[in-house]
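Let me begin by presenting the structure, written as structure tokens, before commenting on it.
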Amino acid sequence: MSWSKVGTVSVTNNSNSVIGSGTSFIVSGRVGDAFRGPDGSWYEVTNIASDSALSIAPNYQGATNGAGTYALAPLQGYVKESADALRALVNTYGAKLAALGSTANYEILPVSKGGTGGTTPAEVRAALALGTTGNYDVLPVEKGGTGSVTPAAARAALELGSAASANLQNSPSDATPGRAMQVGAFGVGGDAPVYNGNIDDVAAVPAGRCFVINTSGGVKPPSATYGLLDTIKIVGQPVHQTWHEVNGIASGGTLRTWDRDQYGTGGFGPWRMVYRQNNIVGAVTGAGAPTGAIIERGANANGEYTKYADGTLICWKAITTNSTGTYAAGALFGSDAYGPGAFPSAYASVPMVAAGATRGVNSDCVLASAFNPPTLNSWGAWRAMAISNAAVAAQINLIAIGRWY
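To convert, count from 1 in the sequence shown and add 124; that's the numbering used here.
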């Protein structure tokens, strides 16, 4: 190995320290090497601290020199290091090399000994019986390969399409463009994801189905807290939402369904209830814009009634009278007058009241006569009339038709 003389050194009389400039002591020297100083004398290297610092023995004998020439001469340090390395190699791999046995006698290891049996690609393929596929640098599809050396070209050769390189959604509500949908994405084929945001925010609310909880924001249907929300979105076009009430929680027992729409940058319109089997009959509310059922049926001490969402109200009641022969009224005979009181459901204006009467025996010309006309809040007063004087009770049948708003 050649001597190292790169750079200069700074030495001080009677000091063992050598400071280098532009030197590489670690690479070029070893402890035990010889150091020739600027004074021309030889010293032993006793320590190498860095590429620019080493120690010598004995102390430097020459005159102090701040930038002198030098030389590092390799001596027994390399021989010893090589011997140590060889000894370590033998200790580690000697037994394994000895176990190679007869395979060490081959210049070309045959297949029977675990080798390839050749020194050229053709010889190796023949020895290993690789067949014709061994002749391809890039194995084509017809030979079971991909037909390419890049992922994109391989996908094209295998006709995999763009879905092969798409990433799956991070969550069932992940709407990142280009993502491949998971089972259950937006509630399709699995549980609907929970949405706790603002249902009025058309940019944030997920398209598809989600479960809206009580802490979510936005305008919900009347008295609603929880529900399944279906959202249809098209960029620049109307957004349609359908709300399905959830059973078993507050305001969810009727299982109603609501719809609303939004267009462009405008706000959502009001929620409008969808009518079906479970909410056609019930409490009718909302004058002019129904918020309850379509038909309401009821009865109380004042009679029976049917109320309709269009404003129509029909009430009816039967009154039993005493004898139709109680009073004479011209050529007719009548019962006492009876005031049945209030209507079973309130009208917005005085309704039209019709009346008829029947008697408990065969008789002609039994009729009902108004003694007092109906008012906004009462049926009025009525008596039963007949053309014959008979001590027989009668029944007056009343029906009122009007509007509740």
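No residue lacks a Cβ here, since even glycine has one placed at the ideal position from N, Cα and C.
What you are looking at is a predicted structure, and each value in this text was computed from that prediction instead of being measured.
For residue i, which residues does DSSP report across the bridge?
| i | result |
| --- | --- |
| residue 443 | 520 |
| residue 431 | 420, 437 |
| residue 509 | 458, 491 |
| residue 128 | 196 |
| residue 211 | Beta-bridge pairing links residue 211 to no other residue. |
| residue 353 | 334, 367 |
| residue 134 | 143 |
| residue 178 | 142, 172 |
| residue 525 | 438, 476 |
| residue 386 | 363 |
| residue 291 | In the DSSP output, where bridge partners are listed per residue, residue 291 has none listed. |
| residue 303 | Residue 303 pairs with nothing; no bridge assigned. |
| residue 341 | 322 |
| residue 381 | 368, 398 |
| residue 467 | BP columns for residue 467 are empty, so no partner. |
| residue 425 | According to DSSP, which records beta bridges pairwise, residue 425 is partnered with nothing at all. |
| residue 451 | 458 |
Does DSSP put residue i in a helix, a strand or coil?
| i | result |
| --- | --- |
| residue 335 | strand |
| residue 530 | The requested residue 530 does not occur in the structure, where the chain is confined to residues 125 to 529. |
| residue 168 | strand |
| residue 150 | helix |
| residue 318 | strand |
| residue 265 | helix |
| residue 375 | At residue 375 the pLDDT is 49, less than 50, meaning the model places this residue with poor confidence; the figure from the coordinates comes in the next sentence. In this structure, residue 375 counts as coil in the three-state DSSP scheme. |
| residue 278 | helix |
| residue 218 | helix |
| residue 248 | helix |
| residue 329 | coil |
| residue 187 | coil |
| residue 413 | coil |
| residue 348 | coil |
| residue 405 | strand |
| residue 309 | helix |
| residue 514 | coil |
Restricting to Cα atoms, I'd like to know which of the options is closest to residue i.
| i | options | result |
| --- | --- | --- |
| residue 385 | 345, 420, 482 | 345 |
| residue 167 | 515, 145, 138, 213 | 138 |
| residue 356 | 348, 343, 383 | 383 |
| residue 130 | 140, 136, 141, 145 | 145 |
| residue 334 | 149, 298, 359, 358 | 298 |
| residue 134 | 189, 288, 237, 432 | 189 |
| residue 143 | 177, 506, 329, 271 | 177 |
| residue 505 | 514, 525, 467, 513 | 467 |
| residue 352 | 358, 327, 323, 213 | 323 |
| residue 534 | 194, 184, 507 | Here the chain has residues from 125 to 529 only, and residue 534 is not among them. |
| residue 462 | 441, 420, 507 | 507 |
| residue 362 | 350, 391, 342, 128 | 391 |
| residue 185 | 212, 140, 151 | 140 |
| residue 414 | 394, 246, 288, 329 | 394 |
| residue 365 | 338, 399, 379, 325 | 325 |
| residue 182 | 175, 191, 198, 165 | 165 |
Assign residue i to buried or exposed, taking buried as 16 or more other Cβ atoms, counted over all protein chains shown, within 10 Å of its Cβ.
| i | result |
| --- | --- |
| residue 369 | buried |
| residue 475 | buried |
| residue 489 | exposed |
| residue 348 | buried |
| residue 387 | exposed |
| residue 524 | buried |
| residue 180 | buried |
| residue 172 | buried |
| residue 427 | buried |
| residue 330 | buried |
Examine the ligand NAD and report whether any of its heavy atoms sits within less than 7 Å of the Cβ of residue i.
| i | result |
| --- | --- |
| residue 522 | Among the components of this structure there are no ligands whatsoever, and the ligand NAD is therefore not found. |
Taking Cβ to Cβ, would you say residue i is nearer than 8 Å to residue j?
| i | j | result |
| --- | --- | --- |
| residue 509 | residue 448 | yes |
| residue 340 | residue 319 | yes |
| residue 196 | residue 157 | yes |
| residue 409 | residue 520 | no |
| residue 119 | residue 517 | The displayed coordinates of the chain run from 125 to 529. Any statement about residue 119 would go beyond what the structure contains. |
| residue 242 | residue 250 | yes |
| residue 464 | residue 528 | no |
| residue 367 | residue 389 | no |
| residue 262 | residue 268 | no |
| residue 439 | residue 429 | yes |
| residue 471 | residue 491 | no |
| residue 277 | residue 290 | no |
| residue 457 | residue 513 | yes |
| residue 423 | residue 406 | no |
| residue 404 | residue 522 | no |
| residue 293 | residue 316 | no |
| residue 169 | residue 155 | yes |
| residue 282 | residue 265 | yes |
Counting only C-beta atoms, is residue i closer than 8 Å to chain B at any point?
| i | result |
| --- | --- |
| residue 242 | Going by chain labels, chain B is absent from the structure shown, which holds only one protein chain. |
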